[in-house]
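Chemist:
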Amino acid sequence: MSSTTTTPPMLKVSSADWDKTSASYAQHSSKSPTSIPIQRLIELLDTLTPLSTASAILDVGCGPGAATAQIVDTHSANIDTATQFIAGDFSTGMVRLVSQLRKTKLAELSVGHERDLWTRVTPLVLDATDMRPVLDESVSHIIANLVFFMTENPAKAVAESYRVLSQNGVMACSSWAKMAWMECLAIAAERIFPPLGKPVPAMPQFPVQWASVEGIEQQLANAKFRDIHTEYTQAPIVVPNLEAWSHFFMNSGNPAVSWITDELDDAGVQEAEKQFIQVVKEQCEVNENGAYVLSGTAVLAVGRK
Numbered sequence: 001m002s003s004t005t006t007t008p009p010m011l012k013v014s015s016a017d018w019d020k021t022s023a024s025y026a027q028h029s030s031k032s033p034t035s036i037p038i039q040r041l042i043e044l045l046d047t048l049t050p051l052s053t054a055s056a057i058l059d060v061g062c063g064p065g066a067a068t069a070q071i072v073d074t075h076s077a078n079i080d081t082a083t084q085f086i087a088g089d090f091s092t093g094m095v096r097l098v099s100q101l102r103k104t105k106l107a108e109l110s111v112g113h114e115r116d117l118w119t120r121v122t123p124l125v126l127d128a129t130d131m132r133p134v135l136d137e138s139v140s141h142i143i144a145n146l147v148f149f150m151t152e153n154p155a156k157a158v159a160e161s162y163r164v165l166s167q168n169g170v171m172a173c174s175s176w177a178k179m180a181w182m183e184c185l186a187i188a189a190e191r192i193f194p195p196l197g198k199p200v201p202a203m204p205q206f207p208v209q210w211a212s213v214e215g216i217e218q219q220l221a222n223a224k225f226r227d228i229h230t231e232y233t234q235a236p237i238v239v240p241n242l243e244a245w246s247h248f249f250m251n252s253g254n255p256a257v258s259w260i261t262d263e264l265d266d267a268g269v270q271e272a273e274k275q276f277i278q279v280v281k282e283q284c285e286v287n288e289n290g291a292y293v294l295s296g297t298a299v300l301a302v303g304r305k
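Per the UniProt record's numbering, numbering of the sequence shown is gapless, rising by one per residue and ending at 305.
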């Protein structure tokens, strides 16, 4: 039993949190479950209003630029070179990563349409809840992967996206419904802290209204979006080397784990890592290749202004 009796806090993530973890996040983002919803969000946007008609595409909470890169990689042949791209994040560390990605792409691509699109990418320090550098009705498409529900005011973030969208512009966003890795962390915390004589920290919670298709649909409807479509998609973490991945995860500084590791010294973090590995072995399935599968379910939504 947990010795914590207080109501679990809501997850609040600062720009400094993401600055701290930006380097390790970038190294592993392509293998992260956070990358999985992106392709489907792009498909939803393109279905509602084709990206070939885009005047400006805004990647809100862009992180290392995965969504922007995916759009350019998969749709460059159909996007006009006059289309503007804004990759915005409130973490300066993440924005630096996008700037570096842009620089790398421009160096790799000597000529061609794809390179022309990368010249139109503007990395920008941008708060999802206050995007005043972006003008009213100036953007045709918005992608916001796993960001709104982690802001200080999710409703304000959705309203800001509505503000900057042009009439009939479209937005696609996502959140989490289930994360087995967080559930495993909570069990590990129950085992780690009592022997140390410390209270078990409560796992931060996401807003419940963002954890279901019904809830996320209501959030978009509240902001006056229409033609709303919602769905679930599976986004697991598949881990071939559990020990190596767990070491990375527990030492990444990611807000998903820092609620535990910030309460421990180095020896405590090592013990937490051992307990987490044990819990994963107890709780998670192994696929045909011998990799552990930590299940995750994302909630996706798209709507029109």
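Glycine residues also receive a C-beta, built at the ideal position from the N, C-alpha and C atoms. In this text the structure is predicted, and so the values were computed from the model without any measurement.
Quick check: the Cα distance between Gln-234 and Tyr-292, rounded to an integer number of angstroms?
Modeler: Here the question's residue 234 lines up with position 234 in the sequence shown. Here the question's residue 292 lines up with position 292 in the sequence shown. So the two alpha carbons sit approximately 15 angstroms from each other.
Chemist: Please state whether the Cβ-Cβ distance between Trp-176 and Ile-237 is less than 9 angstroms.
Modeler: Stepping through the sequence shown from its first residue, residue 176 is reached at position 176. Stepping through the sequence shown from its first residue, residue 237 is reached at position 237. Contact: no.
Chemist: Quick check: the region 49-60 against the region 128-146, are at least 3 beta-carbon pairs closer than 8 angstroms?
Modeler: Touching, per the Cβ criterion.
Chemist: Grab me the residues of Gln-218's own chain with a C-beta within less than 8 angstroms of its C-beta, minus the 5 sequence neighbours each way, in chain order.
Modeler: Position 218 of the sequence shown, counting from 1, holds the residue named residue 218. Once the five neighbours on either side are set aside, the close Cβ partners of Gln-218 are Gln-209.
Chemist: Under the rule that 16 or more other beta-carbon atoms within 10 Å means buried, what is Gln-275, buried or exposed?
Modeler: By one-based count along the sequence shown, residue 275 stands at place 275. Buried is the call here.
Chemist: In angstroms, rounded to a whole number, what distance separates the CA positions of Ala-298 and Leu-185?
Modeler: Counted from its first residue, the sequence shown places residue 298 at position 298. Counted from its first residue, the sequence shown places residue 185 at position 185. Cα-Cα distance, rounded: 19 angstroms.
Chemist: Where Glu-288 and Arg-40 are concerned, what is the direct C-alpha to C-alpha distance, given to the nearest angstrom?
Modeler: Against the sequence shown, residue 288 aligns to sequence position 288. Against the sequence shown, residue 40 aligns to sequence position 40. Near 25 angstroms, if we compare the C-alpha coordinates of Arg-40 and Glu-288.
Chemist: With distances taken from CA atoms, which of Leu-44, Pro-207, Asp-265, Ser-140 is nearest Lys-198?
Modeler: Taking the sequence shown and counting its residues from 1, one reaches residue 198 at position 198. Distance from the Cα of Lys-198 is smallest, within the candidate group Leu-44, Pro-207, Asp-265, Ser-140, for Asp-265.
Chemist: Tell me the DSSP secondary structure of Met-171 in three-state form.
Modeler: For the purposes of this step, residue 171 is taken as residue 171 along the sequence shown, with counting starting at 1. Strand at Met-171.
Chemist: Verify whether the separation of the beta carbon atoms of Phe-85 and Tyr-162 is less than 9 angstroms.
Modeler: For the purposes of this step, residue 85 is taken as the residue at position 85 of the sequence shown. For the purposes of this step, residue 162 is taken as the residue at position 162 of the sequence shown. Result no, Cβ atoms of Phe-85 and Tyr-162 do not sit closer than 9 angstroms.
Chemist: For Lys-305 versus Met-171, is the C-beta spacing smaller than 9 angstroms?
Modeler: Reading the sequence shown from its first residue, position 305 is the one you call residue 305. Reading the sequence shown from its first residue, position 171 is the one you call residue 171. Taking 9 angstroms as the Cβ cut-off, Lys-305 and Met-171 qualify as a contacting pair.
Chemist: Identify the continuous beta strand (DSSP E) that holds Val-201 and give its terminal residues.
Modeler: The sequence position of residue 201 within the sequence shown is 201, counting from 1. Contrary to the premise, residue 201 reads as Pro rather than Val in this sequence. Taken as a continuous stretch (DSSP letters only), Pro-201 belongs to no beta strand (DSSP E), as it is neither H nor E.
Chemist: CA-CA distance, Glu-231 and Gly-215?
Modeler: Residue numbering aside, residue 231 sits at position 231 when the sequence shown is read from its first letter. Residue numbering aside, residue 215 sits at position 215 when the sequence shown is read from its first letter. Put simply, the backbone Cα of Glu-231 is about 11 angstroms away from that of Gly-215.
Chemist: From Ser-76 to Thr-83, what distance separates their C-alpha atoms?
Modeler: Translated into positions along the sequence shown, residue 76 becomes position 76. Translated into positions along the sequence shown, residue 83 becomes position 83. Each residue's Cα considered, the two are about 10 angstroms apart.
Chemist: Going by C-alpha to C-alpha distance, which of Ser-140, Ser-174, Gln-100 sits closest to Leu-48?
Modeler: Within the sequence shown, the letter at position 48 stands for residue 48. Looking at the Cα atoms, Ser-140 is the closest of the given residues.
Chemist: For Gly-303, which beta-bridge partners are listed by DSSP?
Modeler: Reading the sequence shown from its first residue, position 303 is the one you call residue 303. BP columns for Gly-303 point to Met-171.
Chemist: Hey, quick one: how far does the beta strand (DSSP E) through Leu-97 stretch, first residue to last?
Modeler: Counting from 1 along the sequence shown, the entry for residue 97 is found at position 97. Annotation for Leu-97: no beta strand (DSSP E) segment contains it, though the alpha helix (DSSP H) segment containing it runs 92-108.
Chemist: Take the Cβ of Leu-126 as the centre, count every other Cβ of all protein chains shown within 10 Å, and call the residue buried at 16 or more, exposed below.
Modeler: On the sequence shown, position 126 is the one that residue 126 refers to. Leu-126 is buried by the Cβ-count criterion.
Chemist: Which partner residues of Leu-45 appear in the DSSP bridge assignment?
Modeler: Counting from 1 along the sequence shown, the entry for residue 45 is found at position 45. Beta-bridge pairing links Leu-45 to no other residue.
Chemist: Got a sec, what are the start and stop residues for the alpha helix (DSSP H) Gly-215 sits in?
Modeler: For the purposes of this step, residue 215 is taken as the residue at position 215 of the sequence shown. Taken as a continuous stretch (DSSP letters only), the alpha helix (DSSP H) holding Gly-215 covers 213-222.
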